[in-house]
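Here is the structure we will look at.
There are 2 protein chains.
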Amino acid sequence: MSKPPARIRLADAAFALFDERGYEQTTVDDIAERAGLGRTTFFRNYRSKEDVIFPDHDRLLELIRDRLAPSSHSTALVAVSDAVRLVLLHYVEEGDLARRRYALTSKVAALRDREIASVGRYQRLFREFIADWMGGPTEPASLRAELMAAAVVAAHNHVLRRWLRSESSDPVTEVDEAMREVLALFPAPGSSPQPGGGTTVVAFRTGQDIDTLLPSLRRLVEDGAER
Amino acid sequence: MSKPPARIRLADAAFALFDERGYEQTTVDDIAERAGLGRTTFFRNYRSKEDVIFPDHDRLLELIRDRLAPSSHSTALVAVSDAVRLVLLHYVEEGDLARRRYALTSKVAALRDREIASVGRYQRLFREFIADWMGGPTEPASLRAELMAAAVVAAHNHVLRRWLRSESSDPVTEVDEAMREVLALFPAPGSSPQPGGGTTVVAFRTGQDIDTLLPSLRRLVEDGAER
DNA sequence: TTACTTTCGGGACTGGGTACCATAGCTTGT
DNA sequence: ACAAGCTATGGTACCCAGTCCCGAAAGTAA
Chain A
1 MSKPPARIRL ADAAFALFDE RGYEQTTVDD IAERAGLGRT TFFRNYRSKE DVIFPDHDRL
61 LELIRDRLAP SSHSTALVAV SDAVRLVLLH YVEEGDLARR RYALTSKVAA LRDREIASVG
121 RYQRLFREFI ADWMGGPTEP ASLRAELMAA AVVAAHNHVL RRWLRSESSD PVTEVDEAMR
181 EVLALFPAPG SSPQPGGGTT VVAFRTGQDI DTLLPSLRRL VEDGAER
Chain B
1 MSKPPARIRL ADAAFALFDE RGYEQTTVDD IAERAGLGRT TFFRNYRSKE DVIFPDHDRL
61 LELIRDRLAP SSHSTALVAV SDAVRLVLLH YVEEGDLARR RYALTSKVAA LRDREIASVG
121 RYQRLFREFI ADWMGGPTEP ASLRAELMAA AVVAAHNHVL RRWLRSESSD PVTEVDEAMR
181 EVLALFPAPG SSPQPGGGTT VVAFRTGQDI DTLLPSLRRL VEDGAER
C-alpha cells in the first residue's frame, strides 16, 4: 500500500474537489489538505492553481517545436500537418482527463481564457514557422502566413472540440481531412501562376522520420490524385 | 482649474506609473495614491488592474454584435467586413493610447494573455455569426465557419499590429485589402460548383445602413470586375 | 554512525479583489 | 433654509493566490 507520488495525489485531489464544489469554490489549501500534503508542496509541484489542470502545456509546445524545426523547405506542409496530428493525439491519449478539463474550461471563464492564451502560443509557433517557410516578412507573404497559421490551429481546435464533446469517433482521420481542406485553401506558392487555382502540389525530396511522415504523405498523394 | 473625473485621473496615473516602473512593479495602491484617490475608488471604476489598460473591450464586443445582428443572409459578408473595419477604426482613433497599450502587452506576459483572450471572444462572435449564415452546425459548414472566422480576425490583427508598429500609414485600406484576400480564400457556397474555383460572387438585395455599406460594397464590386 | 541531499511543512509577507459601513457632497422638495 | 435622499468616495477588514525563508524529516552514501 504505497502512496502515489505527490504530483499525482495533488492532481487527483484537485479534480475531485473541482467536480464536487466547482473550481472557484476550491482553494489551494483545500486541495493540499485532501491530498494530505502541505500548501507549499502544492506550489512546488504546480506553478499555479490553474496549472493543475493544464500541466504539460510547455511540453506540448516543445513537441511542436521539435517536429517543425528539422523540416526542410519541401516538407514544411507535411511537418505542419504532423505537428497538428501530434497535438491532437496527445489530447486523445489523455482520454477522460482531457474531457474533464474541457468540462471545467467550459464553465469557468478564467480557465477558458487561459486555454485560449495557450492556443495563442501554438498559433504563434505555427505563424513564425510558416512565415519563415514562405520567405521572410515581406508583406503579402506575412499576411498569408498569419491566415494559414490561424486556419491550421482553428482546424485542430475544431476537430479536438468535436472529439471532446464525443461527436467524433475517429478524430485523427477527421483532423487529416480538415488539414487537407485547410491546405487546399492556400494555393502553393509558385506552383500555379493563377492565385485562384485550387490545386496544391507538394514535392518531396528527402524525408527523415519517414515512418511518421508516411500517413500524411499518402493522404496528400491521394488528394493530388483525386483532383 | 477643475479636476477631470476620477476614471481619467486613474487611467493617467496608471499609464504614467506603468511607463516609469513597469506594470508588475506598480500596485493598485500606487495608482490610487498618485491619482489622489482611494483604493476603493479604483476598483469601482475598473474591475481589475488589467482593466485600466483594456477599458472598453465590452463596448467593442457589442459594437460588433450590433453590426452583425441586423444583417440579412445576402449582406452577411459585407457585415463581417464592416465589423472588422469598425474594430480597427476604434483602435486607430485611440491613437497614441493604443500604441502605449501595445508596448505594454508586448512586454508583460499576463497582459498579452489577456489580449489574446479578448481576441478569442471576437473570434467566437464571428464564428457563431458565420456558422449561422452558412446554415447550422452541419459538419462541413461548421469547419468552414471556424476557418473563416479565424482568418477574419487574423487578418484584422495582422493589419492592426502593423499599424501599431507604425508600419502602416493607411490601415483602413490595408484591412479592406486583407479582407478581400480572406474572402477570396473561401469560395461562395453554391456559386461555383468546383470548390477549387477562386472566384467569389456576392449578391446584394437590400441594404440598410447604406452609407456605411457603400465603401466596402464598392470595393467588392471592383474586385468582382477585376477578376 | 555521520554527512549530504531531497522533499516536505509552516509561518510570514505581498498584492489583487470583495464586502461592508460610514461620511462628505450634491441635488431635490418643501 | 432645512431635511431627505442619492452618489461618489474612503477606510477597514477580510479572502485567497503566490513567494520567500527556514527548519524538520526522510532517504542515501560513506
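Order-wise, the sequence lines are chains A and B.
According to the UniProt record's numbering, the residues represented by the first sequence are 1 to 227, in order.
According to the UniProt record's numbering, the residues represented by the second sequence are 1 to 227, in order.
By construction, the Cβ of each residue, glycine as well, lies at the ideal position given by its N, Cα and C atoms.
How should residue i be labelled, buried or exposed, when 16 other C-beta atoms within 10 angstroms of its C-beta is the threshold for buried?
{"i": "His158 (chain B)", "result": "buried"}
{"i": "Gln25 (chain B)", "result": "exposed"}
{"i": "Glu115 (chain B)", "result": "buried"}
{"i": "Phe18 (chain B)", "result": "buried"}
{"i": "Ser72 (chain B)", "result": "exposed"}
{"i": "Asp56 (chain A)", "result": "exposed"}
{"i": "Glu139 (chain A)", "result": "exposed"}
{"i": "Ile8 (chain A)", "result": "exposed"}
{"i": "Thr27 (chain B)", "result": "exposed"}
{"i": "Asp176 (chain A)", "result": "buried"}
{"i": "Asp66 (chain A)", "result": "exposed"}
{"i": "Glu174 (chain A)", "result": "buried"}
{"i": "Ala203 (chain B)", "result": "Residue placement at Ala203 (chain B) cannot be trusted, given a pLDDT of 34 that sits under 50; the coordinates are not used to answer."}
{"i": "Ser81 (chain B)", "result": "buried"}
{"i": "Arg21 (chain B)", "result": "exposed"}
{"i": "Ser169 (chain A)", "result": "exposed"}
{"i": "Ala109 (chain B)", "result": "exposed"}
{"i": "Asp113 (chain B)", "result": "buried"}
{"i": "Arg165 (chain B)", "result": "exposed"}
{"i": "Pro4 (chain B)", "result": "exposed"}
{"i": "Pro171 (chain A)", "result": "buried"}
Kindly list the residues whose CB is nearer than 8 angstroms to the CB of residue i, restricted to its own chain and excluding five residues on each side of it in sequence; keep chain order.
{"i": "Leu10 (chain B)", "result": "Ile31, Ala32, Ala35, Leu37, Thr41, Phe42, Asn45, Tyr46 and Val52"}
{"i": "Asp58 (chain B)", "result": "none"}
{"i": "Ala16 (chain A)", "result": "Arg34"}
{"i": "Leu147 (chain A)", "result": "Phe186"}
{"i": "Leu104 (chain A)", "result": "Phe18, Tyr23, Ile53 and Leu111"}
{"i": "Asp29 (chain B)", "result": "Arg39"}
Which residues in chain B have a C-beta closer than 7 angstroms to the C-beta of residue i? List them in chain order.
{"i": "Ile116 (chain A)", "result": "Ile116, Ala117 and Gly120"}
{"i": "Val182 (chain A)", "result": "Leu147"}
{"i": "His156 (chain A)", "result": "What His156 (chain A) touches in chain B: nothing, since even the nearest Cβ is about 10 angstroms away."}
I'd like to know whether the C-beta of residue i is nearer than 8 angstroms to at least one C-beta of chain B.
{"i": "residue 249 (chain A)", "result": "Because chain A in this structure spans residues 1 to 227, residue 249 (chain A) falls outside the shown range and cannot be described."}
{"i": "Ala32 (chain A)", "result": "no"}
{"i": "Ala178 (chain A)", "result": "yes"}
Closer than 8 angstroms, CB to CB, is residue i near chain A or not?
{"i": "Asp56 (chain B)", "result": "no"}
{"i": "Gly190 (chain B)", "result": "Any answer about Gly190 (chain B) is weak, because its pLDDT of 45 lies below 50 and its placement is not dependable; what the coordinates show is given next. So no, Gly190 (chain B) is outside the interface."}
{"i": "Leu143 (chain B)", "result": "yes"}
{"i": "Val201 (chain B)", "result": "Low confidence applies here, because Val201 (chain B) scores a pLDDT of 36, under 50, leaving its location unreliable; read the following figure in that light. No - not a single Cβ of chain A is within 8 angstroms of the one on Val201 (chain B)."}
With a CB to CB cut of under 7 angstroms and the five nearest residues on each side skipped, what residues in its chain are close to residue i?
{"i": "Val119 (chain A)", "result": "Val153 and Asn157"}
{"i": "Pro134 (chain A)", "result": "Note that residue 134 (chain A) is Met in the sequence shown here, rather than Pro. Same-chain partners within the cutoff: Ala141, Arg144, Ala145 and Pro189."}
{"i": "Ala149 (chain A)", "result": "Gln123, Phe126, Arg127 and Ile130"}
{"i": "Leu60 (chain A)", "result": "Val87 and His90"}
So residue i contacts chain A; which residues on that side make the cut at Cβ distance below 8 angstroms?
{"i": "Asp113 (chain B)", "result": "Asp113, Arg114, Ala117 and Gly120"}
{"i": "Ala131 (chain B)", "result": "In chain order: nothing, as chain A lies at least about 11 angstroms away."}
Output, in chain order, the set of chain A residues within a Cβ distance shorter than 9 angstroms of residue i.
{"i": "Ala69 (chain B)", "result": "Chain A residues near Ala69 (chain B): none, gap ~23 angstroms exceeds 9 angstroms."}
Who are the neighbours of residue i on chain A, taking C-beta pairs under 7 angstroms?
{"i": "Ala151 (chain B)", "result": "Leu147, Ala150 and Ala151"}
{"i": "Ala83 (chain B)", "result": "Result: empty, since nearest Cβ-Cβ is about 17 angstroms, beyond 7 angstroms."}
Show which residues of chain B have a CB atom less than 9 angstroms away from the CB atom of residue i.
{"i": "Leu185 (chain A)", "result": "Leu147, Ala151, Leu185 and Phe186"}
Keeping to the same chain, check which residues put their C-beta closer than 6 angstroms to that of residue i; ignore five residues upstream and five downstream.
{"i": "Leu68 (chain A)", "result": "Ala79, Ala83 and Phe129"}
{"i": "Tyr102 (chain A)", "result": "Leu164"}
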